[in-house]
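K.L.:
Protein chains in written order, with my numbering: chain A, 1 to 362; chain B, 363 to 724.
For every residue, glycine included, the Cβ atom is placed at its ideal position computed from N, Cα and C.
Structure in structure tokens, see below.
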């Protein structure tokens with residue numbers, strides 16, 4: 001997608017042919033910086049420090065990390081060490097291990113002098129495949145927005161939670177992909193952006209990427225969505241997800257469940273966009289089986305922004321002697337979800353729906 | 363209630379006999395200051411600048427404001443001017459006009475030299491009545507907490523939204539009154555405090571008053587309540603309200619509706635505490651009839667807290683070219699509410715329930 005008219009991906013090969021560039025997402029929206037990764041250690045740091053985040057993007061950056069490791073040392077031992085270190089950078093992200101193993105398995109049988117180039121090519125393939133997959137999610141979600149536009153004859157108001165945009169993938173995003181597709185086709189869209197406390201990925205990342213691409217949007221407190229739906233001001237909700245059970249329960253950023261309840265109560269369609277790699281075919285009961293990460297209280301008690309002097313600064317917003325809890329995700333039961341948008345098409349939020357699209361998992 | 367062991371009200375007559383003291387709530391939780399109000403203008407400023415907020419407290423402070431005006435000038439003209447100026451300080455607060463008119467009507471027939479003393483006495487009566495009413499709400503809500511304690515045999519977890527504590531009234535509060543009563547009786551309670559974006563009254567005021575009184579609590583992002591309810595970690599929800607229709611619909615701080623939906627979905631009792639002055643006996647359909655105040659976007663795009671240098675500072679948390687919307691209240695339909703806790707007792711969230719307790723309005 002574009003930043004003020006210039007097309008970008010969230011990770012790309014530098015023209016120098018010896019390094020990878022990323023967007024430092026910890027600095028957004030206050031500064032746009034493109035750190036250069038030239039070593040394995042820099043790749044691990046970028047993932048661990050969340051300069052890159054979003055499962056698909058982490059996978060792609062880690063794949064390039066294997067290449068950078070092999071440029072310095074293409075030996076078997078170095079390959080094994082690099083793969084293990086990258087996977088350990090954020091052990092919960094499914095795509096990370098998947099992408100690293102894919103590059104590892106691709107280059108391990110090759111002679112040492114071929115490995116680096118082959119790893120680079122495989123990493124680029126992984127990145128390109130992610131773009132194609134997200135683009136396909138966008139195309140399959142587009143008819144939902146076209147339907148609203150046709151039905152209402154006015155701008156389509158879409159609510160989203162957290163950031164499932166191009167910054168979370170290599171390009172296009174998941175939840176935002178149909179919105180970018182609609183914008184490309186000239187359909188008038190407006191996005192209600194949940195700020196998404198406590199880490200504020202909506203206000204910091206989703207608002208930023210929509211503004212830079214030129215898509216109309218409005219930031220709201222997470223509390224506001226239900227009221228907007230009661231008054232007919234939301235036509236459609238689209239979110240991403242971190243894990244989907246085979247029965248259609250959805251784990252996503254904390255607060256998604258509350259929005260799904262409000263959408264259901266007001267007959268607003270609630271769709272979840274995902275690449276099929278997000279489906280956990282073993283899990284059947286999301287609330288009982290999906291472990292919810294409890295993150296540091298400091299994410300609730302402090303917040304970062306730009307001070308009146310222009311400096312980026314962190315302040316405390318909860319009194320010092322009040323503890324805070326910070327569950328990072330919640331589970332939305334399948335019964336509240338209108339359906340899924342995947343790279344193969346749309347389906348019902350149910351085992352029948354998912355297996356219908358992905359019959360290998362029947 | 364207590365601040366670190368010392369009993370306080372949120373407004374009181376200074377022992378000097380010529381002024382009123384308040385707690386500057388715009389400075390909480392970072393500084394505890396007791397501004398002295400000695401003039402009408404200072405009283406108006408305290409209300410307008412939200413040094414005092416919460417409908418019952420605003421009413422009491424305004425009543426004292428009439429007294430301060432009459433100390434300077436007890437003439438008919440001064441009385442009329444003072445009443446009009448106080449009512450205009452925050453025109454939407456029902457209790458403000460009610461309290462000012464009550465003092466006005468009480469002193470208007472009196473000779474000039476008696477007016478100031480009579481106004482002071484009437485203001486004190488209004489404050490005392492508010493305390494008694496809130497205390498009664500606490501007593502009538504207490505059995506709900508006692509019931510949970512008996513049933514579960516462990517600490518009772520109560521979730522609340524925004525601040526409907528003693529800081530919003532003269533003492534005790536509305537939603538928090540049953541919690542203070544339970545604490546007084548030695549029942550172990552723990553309060554989940556919604557931070558309550560965008561103005562953060564939960565994190566700034568509710569957490570502060572609970573900490574100072576010694577009540578166990580944990581601050582959470584507004585997104586977290588549904589997840590906690592899904593996992594049995596909330597026994598009871600109690601909120602306050604700004605306006606209740608005769609049919610039982612409840613207008614309260616934005617986000618209340620989302621919590622009511624989650625409570626309903628998880629069979630968690632959802633109670634609303636209110637003095638009967640909050641009931642709008644004319645309104646029947648909350649969503650259609652109650653106007654929702656749209657407040658400045660800056661409340662969403664900026665936030666105030668304590669910087670690492672110890673100074674209280676305001677930072678921007680939304681990119682500059684992203685607009686924000688800020689609806690301040692939402693309406694929770696009566697069907698989601700377990701019942702009301704009033705100064706006369708508890709009742710169903712329905713016309714029959716309310717009229718049963720307040721038969722004058724049948």
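So which residues of chain A does residue 700 of chain B contact, with C-beta pairs closer than 7 Å?
P.N.:
The contacting residues do not exist; residue 700 of chain B stays about 17 Å from chain A at best.
K.L.:
What would DSSP say about residue 682 of chain B, mapped onto helix, strand or coil?
P.N.:
Correct three-state label for residue 682 of chain B: coil.
K.L.:
Taking the straight line between their C-alpha atoms, what separation do you get for residue 704 of chain B and residue 498 of chain B?
P.N.:
Taking the straight line from one Cα to the other gives about 8 Å.
K.L.:
Between residue 611 of chain B and chain A, is any beta-carbon pair separated by less than 8 Å?
P.N.:
False, the Cβ-Cβ gap to chain A never drops below 8 Å.
K.L.:
Contact check, residue 674 of chain B vs residue 392 of chain B under 8 Å by CB: the rounded distance?
P.N.:
Yes, residue 674 of chain B and residue 392 of chain B are in contact; Cβ-Cβ is about 5 Å, under 8 Å.
K.L.:
Output the distance between the C-alpha atoms of residue 128 of chain A and residue 613 of chain B, rounded to the nearest integer angstrom.
P.N.:
About 50 Å.
K.L.:
From the beta carbon of residue 268 of chain A, is the nearest beta carbon of chain B less than 8 Å away?
P.N.:
Not one chain B Cβ lies under 8 Å of residue 268 of chain A.
K.L.:
Please report the Cβ distance between residue 206 of chain A and residue 163 of chain A, rounded to the nearest whole angstrom; I am assuming they are in contact, meaning their Cβ atoms lie under 8 Å.
P.N.:
With a Cβ gap of about 5 Å, residue 206 of chain A and residue 163 of chain A count as contacting.
K.L.:
Report the rounded CA-to-CA distance for residue 669 of chain B versus residue 299 of chain A, giving the unit in angstroms.
P.N.:
In a straight line, the C-alpha of residue 669 of chain B is about 15 Å away from that of residue 299 of chain A.
K.L.:
Using three-state DSSP, classify residue 399 of chain B as helix, strand or coil.
P.N.:
Residue 399 of chain B: strand per DSSP, three-state reduction.
K.L.:
If I follow the unbroken beta strand (DSSP E) through residue 106 of chain A, where does it start and stop?
P.N.:
Here residue 106 of chain A belongs to no beta strand (DSSP E); instead the alpha helix (DSSP H) covers 94-107.
K.L.:
In three-state DSSP terms, what is residue 143 of chain A?
P.N.:
Residue 143 of chain A falls in the helix class under three-state DSSP.
K.L.:
Taking the continuous alpha helix (DSSP H) assigned at residue 70 of chain A, which residues delimit it?
P.N.:
Element bounds for residue 70 of chain A: 55-72.
K.L.:
Looking at the C-beta of residue 308 of chain A, does it have a partner C-beta in chain B at a distance below 8 Å?
P.N.:
For residue 308 of chain A, the answer is yes, since a Cβ of chain B falls inside 8 Å of its Cβ.
K.L.:
Flag this pair as touching only if the region 373-389 of chain B and the region 546-561 of chain B have three or more C-beta atom pairs under 8 Å; answer yes or no.
P.N.:
At 8 Å Cβ cutoff, the stretches do not touch.
K.L.:
Helix, strand or coil for residue 410 of chain B? Go by DSSP, reduced to three states.
P.N.:
It is helical.
K.L.:
Residues of chain A with a CB under 8 Å from the CB of residue 570 of chain B: which are they?
P.N.:
Simply 319, 322.
K.L.:
May I ask which residues mark the beginning and end of the alpha helix (DSSP H) holding residue 301 of chain A?
P.N.:
Note, residue 301 of chain A: alpha helix (DSSP H), 298-301.
K.L.:
For residue 283 of chain A, would you say it is in contact with chain B, using Cβ-to-Cβ distances shorter than 8 Å as the test?
P.N.:
With 8 Å as the cut-off, residue 283 of chain A does not count as an interface residue toward chain B.
K.L.:
Threshold first: 3 residues or longer. Then list the beta strand (DSSP E) segments lying entirely within the region 272-357 of chain A, N to C.
P.N.:
If we require 3 residues or more, the beta strand (DSSP E) runs fully inside the region 272-357 of chain A come out as 302-307, 312-316, 329-332, 339-342, 345-347.
K.L.:
Determine whether the Cβ of residue 619 of chain B lies closer than 8 Å to any Cβ atom of chain A.
P.N.:
So, interface residue.
K.L.:
I need the straight-line Cα distance from residue 11 of chain A to residue 345 of chain A, nearest angstrom please.
P.N.:
Computed Cα separation, rounded: 26 Å.
K.L.:
Since residue 582 of chain B sits in a beta bridge, which residues does DSSP pair it with?
P.N.:
For residue 582 of chain B, which the question treats as bridged, DSSP gives the partners B:556.
K.L.:
Check whether the Cβ atoms of residue 462 of chain B and residue 449 of chain B sit closer than 8 Å, and answer yes or no.
P.N.:
Contact flag set, yes.
K.L.:
What are the boundary residues of the alpha helix (DSSP H) that includes residue 87 of chain A?
P.N.:
Run containing residue 87 of chain A: 76-89, per the alpha helix (DSSP H) assignment.
K.L.:
Could you spell out the range, first to last residue, of the beta strand (DSSP E) harbouring residue 600 of chain B?
P.N.:
It spans 598-601 - the beta strand (DSSP E) in which residue 600 of chain B sits, taken as one unbroken run.
K.L.:
Suppose the cutoff is 6 Å on Cβ atoms and the five residues either side in sequence are ignored; what does the same chain contact list for residue 550 of chain B look like?
P.N.:
Closer than 6 Å at the Cβ level, and outside the excluded window around residue 550 of chain B, lie 517.
K.L.:
Among B:417, B:386, B:418, which one has its Cα closest to the Cα of residue 404 of chain B?
P.N.:
Selected option, being the one with the closest Cα: B:386.
K.L.:
Which runs of the beta strand (DSSP E) at least 3 residues long sit entirely within the region 504-538 of chain B? Give them in chain order.
P.N.:
DSSP runs (the beta strand (DSSP E)) wholly in the region 504-538 of chain B: 518-522.
K.L.:
Does the beta carbon of residue 292 of chain A sit closer than 8 Å to a beta carbon anywhere in chain B?
P.N.:
Closer than 8 Å to some Cβ of chain B, the Cβ of residue 292 of chain A qualifies, so yes.
K.L.:
Indicate whether the contact test is met: 3 or more Cβ pairs, each with one atom in the region 242-258 of chain A and one in the region 328-343 of chain A, closer than 8 Å.
P.N.:
The region 242-258 of chain A vs the region 328-343 of chain A: in contact.
K.L.:
For residue 552 of chain B, go through chain A and note every residue whose CB falls closer than 9 Å to its CB, in chain order.
P.N.:
Residues of chain A passing the Cβ test: none, with the nearest at roughly 10 Å.
K.L.:
Under three-state DSSP, which class holds residue 724 of chain B?
P.N.:
In this structure, residue 724 of chain B counts as coil in the three-state DSSP scheme.
K.L.:
Should residue 151 of chain A go down as buried or exposed, given a rule of 16 or more other Cβ atoms within 10 Å for buried?
P.N.:
Label assigned to residue 151 of chain A: exposed.
K.L.:
What span of residues does the beta strand (DSSP E) with residue 605 of chain B cover, start to end?
P.N.:
Its beta strand (DSSP E) spans residues 605-607.
K.L.:
Count the other CB atoms, across all protein chains shown, that sit within 10 Å of the CB of residue 34 of chain A; report buried if there are 16 or more and exposed otherwise.
P.N.:
Exposed, by the Cβ-count rule.
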